[in-house]
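Protein chains in written order, with the working numbering: chain A, -2 to 247; chain B, -2 to 247. We put the CB at the ideal spot given by N, CA and C, even for glycine. In what follows, a single structure is set out as structure tokens and then discussed.
There are 2 protein chains.
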Amino acid sequence: MKIHLVGVGGGHPDQITVQAVARLREVDVFLVADKGSSVGDLAEARAEILRRHVPGSPRVIQVPDPERDRRPSDYGTAVVDWHDARARAYEKVLLDLDPDVVVGFLVWGDPALYDSTIRVVERVRDFGTVDIDFDVTPGISSVSMLAAAHRLVLNRIGGPIVITTGRALLHDIGAGADNIVVMLDGKLTCRELVGTGTWDIHWGANLGTDDERLVSGPLDACIGEIERARADVKAEHGWVMDTYVLRTRV
Amino acid sequence: MKIHLVGVGGGHPDQITVQAVARLREVDVFLVADKGSSVGDLAEARAEILRRHVPGSPRVIQVPDPERDRRPSDYGTAVVDWHDARARAYEKVLLDLDPDVVVGFLVWGDPALYDSTIRVVERVRDFGTVDIDFDVTPGISSVSMLAAAHRLVLNRIGGPIVITTGRALLHDIGAGADNIVVMLDGKLTCRELVGTGTWDIHWGANLGTDDERLVSGPLDACIGEIERARADVKAEHGWVMDTYVLRTRV
């Protein structure tokens, strides 16, 4: 069974490559994770991508997303268990399809960055019950969107960039990172660094959508504005996705 | 003067977002760096992007690229001097244009990653002789292309990614990096790590073009194949652009 994993960028329906559009048009059936009502306008954004770029009305199957342990004692194991439950849910749907259909997954951002779709599809393949041949089409990541919105070059001249998560941020700073992109940080972990006087932040939420918010400047001076913007977006839309660059002042 | 910096992805003319295409169509004059005859098919790839996506024949001005010191005693200073020379060359061209024209720069990959265009345009703005208002449209980076070609997730679960250059690679490994994307490495610095037995590599050259080459596996076993593929591509096209992921085996 042919499966296309297609990166569709970050929210705006036109932030998708011409190549990715061609890929979507080869798909017979789209599988999408049904995360319940909490992400209503994300589901609508996905529908808009299909309406705008794929002629006809492609078949879309909602696959209920398994419950996830949000306070696990072991983060790595909990993620693996959840990938497994998700893989079983997809396997069930794929087994009901004709082996000749082409299946597609729309992946927000870039499938290579902090997204589980590749791992889950590999898991299904490894079960051995469905003969899977998949490919990946890259998308614009939230990292690229954040940088573009702030007109930033992410690297300093010749220097490295660390991309990490809120969970690992303080550890990575302890190891010497001073030019960092932080993703998946529901807790705004950079608050722990307020008062040190050494960090600048370039923050963005709901990038690429009509509700995009941007704040940029010294962390100590900006943190209040960021907290307020974050709360506002969440109150208005039910969800907020934010990403930020932290770098020491040079 | 309005300037659009537009990321156009990595070589295939359709690896550009629908949004970026719309931006290109707003442009009256494209400025492109004339790097001489050494990169003939890159210039052709750029022309193909315009032919395919921009109706009519937009005006293109070739700006001679200043000489660059390839063996500087101080890398950072040499890069800054070169940015300065480049900025002066662009300033000269911009001063000759009507202030109402919309200027465009096509940027390979993503303008946020190891590309000088943003810095150079800021430099021109800071000269104060041209009133510049610029924006940035993100593109698919070679990092995303490499990952997609190998169907890789760049992060390990919850873990960080270090993006760095060949020049800084050994330093970053010394600081603890074990999951690394290496760019701008004309010397295949990973050869220094052969024999340690701990690294896997996922390597790609001329990604997204018809001449794409991919090699993946244990570094010790793959390095010979990578060296040969690299030499072949260079002999055939006069240039090779490669990127790779290095990670310790887990």
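Query: Residues of chain B with CB closer than 8 angstroms to the CB of G155/A, please, in chain order.; Result: Y72, G73, V76, T162, R164 and A165
Query: Sort out for me which residues DSSP pairs L190/B with in a bridge.; Result: Per DSSP, none; premise fails for L190/B.
Query: Pick out the complete beta strand (DSSP E) segments inside the segment -2 to 78 of chain B, 3 residues or longer, and give them in chain order.; Result: -1 to 4, 26 to 31 and 56 to 61
Query: Would you mind sorting R56/A into buried or exposed? The rule is 16 or more other CB atoms within 10 Å of its CB.; Result: exposed
Query: On a CA-only basis, which of P63/A, R48/A, D229/A and P135/A is nearest A17/A? Give me that one, please.; Result: P135/A
Query: Sort out for me which residues DSSP pairs A202/A with in a bridge.; Result: R210/A and D239/A
Query: Which term fits P61/A, buried or exposed, when burial requires 16 or more other beta carbons within 10 angstroms of its beta carbon?; Result: exposed
Query: Just to confirm my understanding: we take V140/B, look at its own chain, exclude 5 residues before and 5 after, and list those with CB closer than 6 angstroms. What are they?; Result: V178
Query: Here's the rule I'm using: 16 or more other beta-carbon atoms within 10 Å means buried, otherwise exposed. How should H168/B be labelled?; Result: exposed
Query: Label Q12/B either buried or exposed according to how many other C-beta atoms from any shown protein chain fall within 10 Å of its C-beta, with 16 as the threshold for buried.; Result: buried
Query: Taking 8 angstroms as the threshold (beta carbon to beta carbon), is A144/B in contact with chain A?; Result: yes
Query: Can you look up D81/A in the DSSP assignment and give me helix, strand or coil?; Result: helix
Query: Ordered along the chain, which non-local residues of its own chain (more than five positions away) have a Cβ less than 8 angstroms from that of H80/A?; Result: S113, R116, V117 and R120
Query: In the DSSP assignment, find the alpha helix (DSSP H) that holds D169/B and state where it starts and stops.; Result: L166 to G171
Query: Who are the neighbours of D248/B on chain A, taking C-beta pairs under 8 angstroms?; Result: There is simply no residue 248/B to check, as chain B begins at -2 and stops at 247 in what is shown.
Query: Give every residue of the same chain whose Cβ lies closer than 7 angstroms to the Cβ of E189/A, excluding the five residues on either side of it in the sequence, and list them in chain order.; Result: L167
Query: Among V230/B, N176/B and E224/B, which residue has its Cα nearest to the Cα of I160/B?; Result: N176/B
Query: May I ask you to report which of helix, strand or coil DSSP gives T114/A?; Result: helix
Query: Counting contacts by CB-CB distance shorter than 8 angstroms, is S138/B in contact with chain A?; Result: yes
Query: For the segment 83 to 152 of chain B, which segments carrying the beta strand (DSSP E) assignment without a break, of at least 3 residues, lie completely within its bounds, in sequence order?; Result: 99 to 104 and 130 to 134
Query: I need the straight-line Cα distance from A202/A to T193/B, nearest angstrom please.; Result: 42 angstroms
Query: Assuming R248/B and V29/B are in contact, meaning their beta carbons sit under 8 angstroms apart, how far apart are those beta carbons, in whole angstroms?; Result: Residue 248/B cannot be examined here, being either before or after the span of chain B that is shown, -2 to 247.
Query: Nearest to R246/A by CA position, among G8/A, A228/A and G214/A, is which residue?; Result: G214/A
Query: Between the alpha carbons of L149/A and L185/B, how many angstroms are there, rounded?; Result: 28 angstroms
Query: I'd like to know if A44/A contacts chain B, where contact means its C-beta is closer than 8 angstroms to some C-beta of that chain.; Result: no
Query: If we count the other Cβ atoms within 10 Å of its Cβ and call it buried at 16 or more, is S138/B buried or exposed?; Result: buried
Query: Less than 6 angstroms between C-beta atoms, sequence neighbours within five positions excluded: which residues of the same chain meet that for R83/B?; Result: P63 and V117
Query: If you reduce the DSSP assignment to three classes, tell me which class V247/A lands in.; Result: coil
Query: Taking Cβ-Cβ distances shorter than 7 angstroms, what residues in chain B pair up with L110/A?; Result: L151 and N152
Query: DSSP has V230/B in a bridge; who is on the other side?; Result: Paired residue(s): none; V230/B is not in a bridge.
Query: Give every residue of the same chain whose Cβ lies closer than 7 angstroms to the Cβ of G183/B, excluding the five residues on either side of it in the sequence, and list them in chain order.; Result: G163
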